[in-house]
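Heads up: the sequence shown begins at 3 in this note's numbering, then just goes up one per residue.
Since the structure comes first, as structure tokens, the remarks are kept for the end.
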Amino acid sequence: MNSSTSFVSSAAVNQSSTARVGLLALAALIAPWLAAFWLPSFAQPQSFHDYADQRVWLGLPYAADVLSNAPFLVVGAIGLHFVLHGWRTSNRHAFSDQRAAWPYALLFLGILLTAFGSAWYHLQPNDATLVWDRLPIALGFAGLVAGTLTDRAPQRIAPLLSAFATVGAGTVLYWHASGNLVPYLVMQAGFIAAALIVTARTPSRYTHANRMYAAAGLYAVAVICERLDHQVYALLEGLISGHTLKHLFACAAILSVFSMLRARQHMSIERV
């Protein structure tokens, strides 16, 4: 294959990747709002706030669920430092340029803020405090999916990041104002699906992209632990609850993303 043919082939692949990313992004961004109009309204069940481990420690209610947010603070701070500054010295090929790090900066900022929002919520679990838990989580999801997509379509970093952050936060505020949880649930599912589909179907410009599957697997375990909060607590005879484990597995999922960023190389560098 001569150089001109190779260039045309590469350009065609890039155009195809950009088109696929654009379609996935559009679907993930509009799905929550279509669901708001087409699906029946679904209110936040108040049983959601009934956590298994309600033990008090040193005057701190729901102590295990509150304190298990500390790992989010640590991982969020370390990850944020890496994507803003550290990658230039520890792995200067982790991003093609600083713009490419913006989505992951939002991810780790969201995780860092989740440590505070979730701790605040668990001190007094109710719908009003849950807003402060879900807002940073939504921003974290927005950063993750925007990063995964723009790793493959770098020319769309700014608009995609802004759009995903707006939609993510918007679904939380919509639930808070209307009581309808459907857009928020669809947002989470849609963002995760978009990230996994693009990982499976579209080549990344970076190595180690498949570590996203490990992050997804750990997050799936976290969700299962959350749903089985009381059952896990009973099975382990009060040692630890499912929701506390949810925090720990979710943090492990973010660590998997961080390890991917620490290890990866830009493809153009690897070929040299």
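Ideal Cβ positions, reconstructed from N, Cα and C, are used throughout, including at glycine.
The model shown is predicted, which means the values in this text are computed figures rather than measured ones.
Item to check | Where Tyr208 sits in the DSSP three-state scheme | outcome: Three-state DSSP puts Tyr208 in a strand.
Checklist entry - Does the Cβ of Tyr208 have 16 or more other Cβ atoms within 10 Å, making it buried, or fewer, making it exposed? => result Taking all protein chains in view, the Cβ of Tyr208 is crowded by 16 or more other Cβ atoms within 10 Å, so the residue is classified as buried.
Checklist entry - Can you tell which of Asp55, Pro42, Pro34 has its C-alpha closest to the C-alpha of Tyr235? => result Of Asp55, Pro42, Pro34, the residue nearest in Cα terms is Asp55.
Item to check | Element boundaries [alpha helix (DSSP H), containing Val259] | outcome: Per DSSP, the continuous alpha helix (DSSP H) segment holding Val259 begins and ends at 244 to 265.
Checklist entry - Closest by CA to Pro73, which one among Ile113, Ala37, Ala218? => result Looking only at Ile113, Ala37, Ala218, the smallest Cα-Cα distance to Pro73 is reached by Ile113.
Checklist entry - Does the stretch 175 to 186 come close enough to the stretch 115 to 127 to have 3 or more Cβ pairs within less than 8 angstroms? => result Not touching, per the Cβ criterion.
Checklist entry - Quick one, which of Phe260, Leu36, Tyr186 has its alpha-carbon nearest Val133's? => result Comparing Cα-Cα distances from Val133 to each of Phe260, Leu36, Tyr186, the minimum goes to Tyr186.
Checklist entry - Buried or exposed: where does Gly81 fall if 16 or more other Cβ atoms within 10 Å of its Cβ makes it buried? => result Sixteen is the threshold: when 16 or more other Cβ atoms of the shown chains lie within 10 Å of the Cβ of Gly81, as they do, the residue is buried.
Item to check | Anticipated Cβ contact below 8 angstroms, Ala140 with Val174, distance rounded | outcome: At roughly 5 angstroms, the Cβ-Cβ gap stays under 8 angstroms, so Ala140 and Val174 are in contact.
Checklist entry - Who are Leu62's beta bridge partners in DSSP? => result According to DSSP, Leu62 bridges with Trp59.
Item to check | Contiguous alpha helix (DSSP H) assignments of at least 4 residues, all confined to the stretch 95 to 126 | outcome: With a minimum length of 4 residues, the continuous alpha helix (DSSP H) runs that stay inside the stretch 95 to 126 are 104 to 125.
Next on the checklist: For Arg203 and Arg158, what's the separation of their Cα atoms in angstroms?
Outcome noted: Taking the CA atoms as reference points, Arg203 sits about 18 angstroms from Arg158.
Checklist entry - Once you ignore the five residues that flank Met269 on each side, which residues in its own chain have a CB closer than 6 angstroms to its CB? => result Result list for Met269: Arg207, in chain order.
Item to check | Residue burial classification, Val58 (beta-carbon count within 10 angstroms, cutoff 16) | outcome: Under this definition Val58 is an exposed residue.
Checklist entry - Ends of the alpha helix (DSSP H) at Ala236? => result 231 to 237 is the extent of the alpha helix (DSSP H) around Ala236.
Checklist entry - If you count every other CB in all the chains shown that lies within 10 Å of the CB of His249, and 16 or more means buried, which is it? => result Buried, because 16 or more other Cβ atoms sit within 10 Å of the Cβ of His249.
Checklist entry - Residues in its own chain within less than 8 angstroms of Val225 by CB, not counting five upstream and five downstream? => result Counting only Cβ-Cβ distances below 8 angstroms, and skipping sequence neighbours, we find Lys248.
Checklist entry - DSSP beta-bridge partners for His268? => result In DSSP, His268 forms a bridge with Tyr208.
Item to check | Residue nearest to Trp35 in terms of C-alpha spacing, selected from Ile256, Leu257, Asn182 | outcome: Trp35 has its Cα closest to that of Asn182, out of Ile256, Leu257, Asn182.
Checklist entry - How big is the Cα-Cα spacing for Phe166 and Glu239? => result Cα to Cα, Phe166 sits roughly 41 angstroms from Glu239.
Next on the checklist: Once DSSP output is grouped into helix, strand and coil, what is the label at Ala21?
Outcome noted: Residue state, collapsed to three classes: helix.
Next on the checklist: Quick check on the DSSP output: the alpha helix (DSSP H) that includes Val77 runs from which residue to which?
Outcome noted: For Val77, the enclosing alpha helix (DSSP H) covers residues 72 to 83.
Checklist entry - Where does Ala282 sit, in a helix, a strand or coil, going by DSSP? => result Because the chain here runs from 3 to 274, residue 282 falls outside it and cannot be looked at.
Checklist entry - Using the beta-carbon count (16 or more within 10 Å), is Phe110 buried or exposed? => result Under the 10 Å beta carbon count, Phe110 is surrounded by 16 or more other beta carbons and is classified as buried.
Checklist entry - Hey, would you say Ala30 sits closer than 9 angstroms to Gly192, going by beta carbons? => result Between Ala30 and Gly192, the C-beta spacing is below 9 angstroms.
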